[in-house]
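Novice: The structure under discussion is supplied below as structure tokens; questions concerning it will follow.
2 protein chains.
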Amino acid sequence: MYDLIIIGGGPAAMSAAIYAVRYRLKTLVLASVLGGAILEAHDVQNYPGFKNISGMDIMKNMEEQVRFQGAEIKLEQAENIMHDGNVFRINSKHESKAVLLAVGTKRRKLNIPGEVEYIGKGVSYCATCDAAFFRDKVVGVVGGSNSAAMAAQLLSEHSKKVYVIYRKSHMRAEPARVESLENNPKVDFIYNTNVMEVKGSKFMEKVILDNEHDGSRELALDGLFIEVGSVPSITLAKLLGIELDENKLIKVDPGQRTNIKRIYAAGDITTGSNKFRQVVTAVSEGAIAAHSVYTDLKE
Amino acid sequence: MYDLIIIGGGPAAMSAAIYAVRYRLKTLVLASVLGGAILEAHDVQNYPGFKNISGMDIMKNMEEQVRFQGAEIKLEQAENIMHDGNVFRINSKHESKAVLLAVGTKRRKLNIPGEVEYIGKGVSYCATCDAAFFRDKVVGVVGGSNSAAMAAQLLSEHSKKVYVIYRKSHMRAEPARVESLENNPKVDFIYNTNVMEVKGSKFMEKVILDNEHDGSRELALDGLFIEVGSVPSITLAKLLGIELDENKLIKVDPGQRTNIKRIYAAGDITTGSNKFRQVVTAVSEGAIAAHSVYTDLKE
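Residue numbers (numbering that gives the first Met the number 0), protein chains in the order written: chain A, 0 to 298; chain B, 0 to 298.
Encoded structure:
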């Protein structure tokens with residue numbers, strides 16, 4: 000019987016595990032993979048303490064720290080949770096007195112013809128994972144967020160040309176990132192435009208746009224990186240009857256408690272930290288949640 | 000004219016500066032010293048990303064990162080702030096459109112006879128700074144908090160004997176820390192006891208307790224480390240008419256805004272992060288505050 004089972008393997012989960020173990024709570028981290036959205040960030044410059052570091056290295060450091068502090072980690076997907084008011088039972092075998100959901104978000108798709116067909120054949124949702132496969136190729140990035148800007152930046156270091164395709168008239172990424180892209184001769188912006196279809200033969204060869212670019216609605220591309228945001232992973236939350244807000248984020252109180260006793264939530268899946276979603280807010284929420292678990296279980 | 004002046008030099012201030020500059024806000028950090036309460040922590044194991052690191056090294060990293068990102072830092076105490084609703088003027092010379100208070104807390108004194116007299120002659124408020132001066136000596140630590148436990152731990156690595164003197168029946172520090180001290184043969188606990196006076200000649204020689212220990216109210220000590228908490232630094236907040244809670248912490252909304260337009264607050268001085276005061280919550284609040292400043296100034 001654990002005191003706390005943490006579901007998820009990103010920064011919120013790792014921070015919660017570090018704090019929980021230091022409160023001497025018997026703690027299990029249950030995750031299908033260690034690392035969340037942060038794994039896709041190749042150059043993090045805004046996590047205080049590291050001038051620059053890759054998301055993968057942040058996660059490696061955190062995993063080492065969690066193991067050093069003495070939390071257990073099992074690489075296993077949490078499929079179901081039963082509870083009788085006192086004991087939680089996950090995947091019909093792991094028992095705990097409290098559960099922390101730190102399950103993050105999943106990548107949003109464009110839902111256009113050809114998108115799924117060409118996944119791994121040009122279409123990708125992870126520049127960090129796949130950029131190196133596009134050396135000297137021409138690629139597109141769909142989206143206007145920080146993630147889109149970071150993907151374009153990284154791709155420009157490999158590819159010969161990067162088109163940023165965005166439905167609005169300017170990117171909503173951090174100004175520092177946008178400026179850097181604007182000064183990058185390899186990067187061009189196609190604004191006010193949507194990608195309607197991905198076409199090719201064995202591999203993707205082009206996309207169809209809803210507006211003309213250089214006199215054509217066809218744009219030849221070897222790769223298309225789709226960075227149009229993410230959706231909360233709420234399967235377990237729904238199963239448990241946890242209250243969500245209008246954006247399907249888990250509602251939490253200032254102590255990261257959900258509406259159900261002994262169930263807590265932290266990180267991108269929650270309404271915490273003024274809905275600002277950063278590594279720095281995730282680790283804070285994880286720590287606060289662990290403190291609440293410790294306080295509540297002592298009572 | 001700056002967009003943002005950050006008053007304070009601890010983790011909340013540094014994080015806010017990193018984020019603000021990345022939002023392309025012209026940012027000045029104004030602090031009498033870089034580093035807050037964290038400087039006194041010699042072994043931080045709960046800041047995710049670092050298995051263990053000293054508070055001084057965390058601050059060095061953050062300072063380097065802030066300078067690399069391009070924020071200005073001036074080592075200057077903010078003595079006064081004037082504002083006319085649009086422009087803030089600090090120390091009658093630095094002007095900005097917004098101000099972030101990240102001024103942290105100050106050490107609490109015992110207010111007993113001999114305490115001030117023997118500061119630097121045995122009495123200290125900073126084990127990290129002074130532990131090494133007490134090699135093979137006998138020292139006391141007053142307090143039951145994490146800070147007290149950390150001070151006792153560090154002192155045990157230098158001194159030959161450490162007494163932890165606490166008014167309650169058990170320490171309120173993290174269980175992991177208490178356990179480690181209980182297993183430390185150099186550390187003894189004197190519970191349910193207050194220190195009433197510090198006595199000596201040129202240097203302190205003993206303390207007077209309000210209960211007998213080993214048959215005497217006198218305890219011979221070469222050093223006394225006072226770790227009885229801290230009080231918010233609210234001089235500026237009072238000057239500005241900022242709303243405080245019953246513990247004299249600055250009330251903030253989820254975006255770290257105070258009740259006064261364009262004045263924000265982050266870190267130990269605030270009611271944010273469920274009043275959980277850690278490096279990890281301070282950096283989160285700093286980032287959230289910078290995001291609010293950016294959003295508010297754009298309007």
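Every residue, glycine too, gets a C-beta built ideally from N, C-alpha and C.
1) Residues of chain B with CB under 7 angstroms from A:F188, in chain order?
2) So the candidates are B:L100, B:E94, B:N210; which of them puts its Cα closest to the Cα of B:N85?
3) State the start and end residues of the unbroken alpha helix (DSSP H) segment that holds B:S168.
4) Can you give the Cα-Cα distance for B:G236 and A:V186, rounded to whole angstroms?
5) B:M61 versus chain A: which residues are under 7 angstroms apart at the beta carbon?
6) What is the DSSP secondary structure of A:T104, reduced to helix, strand or coil?
7) Looking at the strands, I want to know which residues DSSP matches up with A:P253.
8) How about B:R261: is its Cβ closer than 7 angstroms to a heavy atom in the ligand NAP?
9) From A:R276 to B:T294, what does the alpha carbon distance come to, in whole angstroms?
10) With DSSP as the reference, label A:Y124 as helix, strand or coil.
11) Which full runs of the alpha helix (DSSP H) of 4+ residues lie inside the stretch 162-239 of chain A, going along the chain?
12) Between A:G48 and A:G8, is the Cβ-Cβ spacing less than 8 angstroms?
13) Give me the DSSP bridge partner(s) of A:M81.
14) How many whole angstroms separate the CB atoms of B:L109 and B:V278, which I take to be in contact at a CB cut-off of 8 angstroms?
15) According to the neighbour-count rule (16 or more other Cβ atoms, all chains shown, within 10 Å of its Cβ), is A:T234 buried or exposed?
16) Quick one: residues in its chain with C-beta nearer than 7 angstroms to the C-beta of A:S359, no 5 flanking neighbours on either side, listed in chain order?
17) B:V161 and B:V194 look like a contact to me (Cβ under 8 angstroms); what is the Cβ gap, rounded to whole Å?
18) Quick one: is B:M55 near chain C, going by C-beta distance under 8 angstroms?
19) Measuring only between beta-carbons, confirm whether A:G287 sits less than 8 angstroms from chain B.
20) Can at least three beta-carbon pairs, one atom from the stretch 171-186 of chain B and one from the stretch 260-272 of chain B, be found at a separation below 8 angstroms?
21) Is the shortest distance between the beta-carbon of A:G254 and the beta-carbons of chain B less than 8 angstroms?
22) Between A:M61, A:K59, A:V43, which has its C-alpha nearest A:S53's C-alpha?
23) Given this structure, state the Cα-to-Cα distance separating B:N45 from B:L243, to the nearest angstrom.
24) Examine chain B for any beta-carbon lying closer than 8 angstroms to the beta-carbon of A:R276, and answer yes or no.
25) Is the Cβ of B:E173 closer than 8 angstroms to any Cβ of chain A?
26) Pick from B:N79, B:G240, B:R171, B:A131: whose alpha carbon is nearest that of B:A30?
27) Could you please tell me which residues of the stretch 19-31 of chain A, in chain order, have their CB closer than 8 angstroms to any CB of chain B?
28) Determine the direct distance from the alpha carbon of B:A148 to that of B:V177, and round the result to whole angstroms.
29) Can you look up B:D56 in the DSSP assignment and give me helix, strand or coil?
30) For A:I72, tell me which candidate among A:D56, A:F87, A:L27 has the shortest Cα-Cα distance.
31) Bridge partners for B:I5 per DSSP, in chain order?
32) Return the chain-ordered list of same chain residues with a C-beta closer than 6 angstroms to the C-beta of A:F202, the five sequence neighbours on each side being excluded.
33) Starting from A:E284, follow the alpha helix (DSSP H) in both directions and report where the run begins and ends.
34) So with CB distances below 7 angstroms, who are the chain B contacts of A:I17?
35) State the DSSP-derived secondary structure class of B:V138, mapped to helix, strand or coil.
36) With a 10 Å radius around its C-beta and 16 neighbouring C-beta atoms as the bar for buried, classify A:E211 as buried or exposed.
Specialist: Concretely, from the data shown:
1) As a first step, residue 188 of chain A is located in the first sequence; it is residue number 189 there, counting from the start. Within chain B, no residue comes near A:F188; the closest Cβ sits about 18 angstroms away, beyond 7 angstroms.
2) Here residue 85 of chain B refers to the residue found at position 86 of the second sequence. That would be B:E94, whose Cα lies nearest to the Cα of B:N85.
3) As a working note, residue 168 of chain B is residue 169 in the second sequence. Element bounds for B:S168: n/a, residue is neither H nor E.
4) What you label residue 236 of chain B is simply residue 237 of the second sequence in a count that begins at 1. What you label residue 186 of chain A is simply residue 187 of the first sequence in a count that begins at 1. This sequence places Ala at residue 236 of chain B; Gly is not what is there. B:A236 and A:V186: Cα-Cα distance of roughly 47 angstroms.
5) Mapped onto the second sequence, residue 61 of chain B falls at position 62. Simply P47, G48.
6) As a working mapping, residue 104 of chain A is identified with position 105 in the first sequence. Three-state result, A:T104: strand.
7) In the first sequence, counting from the first residue as 1, residue 253 of chain A sits at position 254. Bridge partners of A:P253: none, in fact.
8) The model on display carries no ligand, and the ligand NAP is accordingly not part of it.
9) Working through the first sequence from its first residue, we reach residue 276 of chain A at position 277. Working through the second sequence from its first residue, we reach residue 294 of chain B at position 295. Cα to Cα, A:R276 sits roughly 15 angstroms from B:T294.
10) Indexing the first sequence from 1 puts residue 124 of chain A at position 125. Coil.
11) 174-181, 234-239
12) Within the first sequence, residue 48 of chain A is the residue found at index 49, counting from 1. Within the first sequence, residue 8 of chain A is the residue found at index 9, counting from 1. Not a contact, by the Cβ cut-off of 8 angstroms.
13) Sequence index remark: in the first sequence, residue 81 of chain A carries index 82 (1-based). BP columns for A:M81 point to A:R88.
14) In the second sequence, residue 109 of chain B corresponds to position 110, counting from 1. In the second sequence, residue 278 of chain B corresponds to position 279, counting from 1. That pair is no contact at about 26 angstroms.
15) Within the first sequence, residue 234 of chain A is the residue found at index 235, counting from 1. With fewer than 16 other Cβ atoms within 10 Å, it is exposed.
16) With chain A represented from 0 up to 298, any question about residue 359 of chain A goes unanswered, as that position is not in the structure.
17) For the purposes of this step, residue 161 of chain B is identified with residue 162 of the second sequence, where counting begins at 1. For the purposes of this step, residue 194 of chain B is identified with residue 195 of the second sequence, where counting begins at 1. With 8 angstroms as the limit, B:V161 and B:V194 do not qualify as a contact, their Cβ atoms being about 14 angstroms apart.
18) No chain C appears in this structure, whose protein chains are A and B.
19) Here residue 287 of chain A corresponds to residue number 288 of the first sequence, with the count starting at 1. Residue identity differs from the one stated: residue 287 of chain A is Ile in this sequence, not Gly. Closer than 8 angstroms to some Cβ of chain B, the Cβ of A:I287 qualifies, so yes.
20) no
21) Position 255 of the first sequence, counted from the start, is the residue given in the question as residue 254 of chain A. Closer than 8 angstroms to some Cβ of chain B, the Cβ of A:G254 qualifies, so yes.
22) By one-based count along the first sequence, residue 53 of chain A stands at place 54. Selected option, being the one with the closest Cα: A:V43.
23) Counting from one through the second sequence, the residue named residue 45 of chain B turns up at place 46. Counting from one through the second sequence, the residue named residue 243 of chain B turns up at place 244. Approximately 29 angstroms, taken between the alpha carbons.
24) If you number the first sequence from 1, residue 276 of chain A lands on position 277. Taking Cβ atoms only, chain B never reaches closer than 8 angstroms to A:R276, which makes this a no.
25) Residue numbering aside, residue 173 of chain B sits at position 174 when the second sequence is read from its first letter. With 8 angstroms as the cut-off, B:E173 counts as an interface residue toward chain A.
26) Translated into the one-based positions of the second sequence, residue 30 of chain B becomes position 31. Answer by Cα proximity: B:N79.
27) V20, R21, Y22, R23
28) To locate residue 177 of chain B, count along the second sequence from 1; it is residue 178. To locate residue 148 of chain B, count along the second sequence from 1; it is residue 149. Going from the Cα of B:V177 to the Cα of B:A148 covers about 7 angstroms.
29) Translated into the one-based positions of the second sequence, residue 56 of chain B becomes position 57. Note: B:D56 maps to helix in three-state DSSP.
30) Here residue 72 of chain A refers to the residue found at position 73 of the first sequence. Nearest of A:D56, A:F87, A:L27 to A:I72, Cα basis: A:L27.
31) Counting from 1 along the second sequence, the entry for residue 5 of chain B is found at position 6. Paired residue(s): B:V28, B:L99.
32) Residue numbering aside, residue 202 of chain A sits at position 203 when the first sequence is read from its first letter. Within the same chain, A:F202 has close Cβ partners K120, G121.
33) Within the first sequence, residue 284 of chain A is the residue found at index 285, counting from 1. Per DSSP, A:E284 belongs to the alpha helix (DSSP H) from 278-297.
34) As a working note, residue 17 of chain A is residue 18 in the first sequence. Those within 7 angstroms of A:I17 in chain B are N45, P47.
35) For the purposes of this step, residue 138 of chain B is taken as the residue at position 139 of the second sequence. Strand at B:V138.
36) Position 212 of the first sequence, counted from the first residue, corresponds to residue 211 of chain A. So A:E211 ends up on the exposed side.
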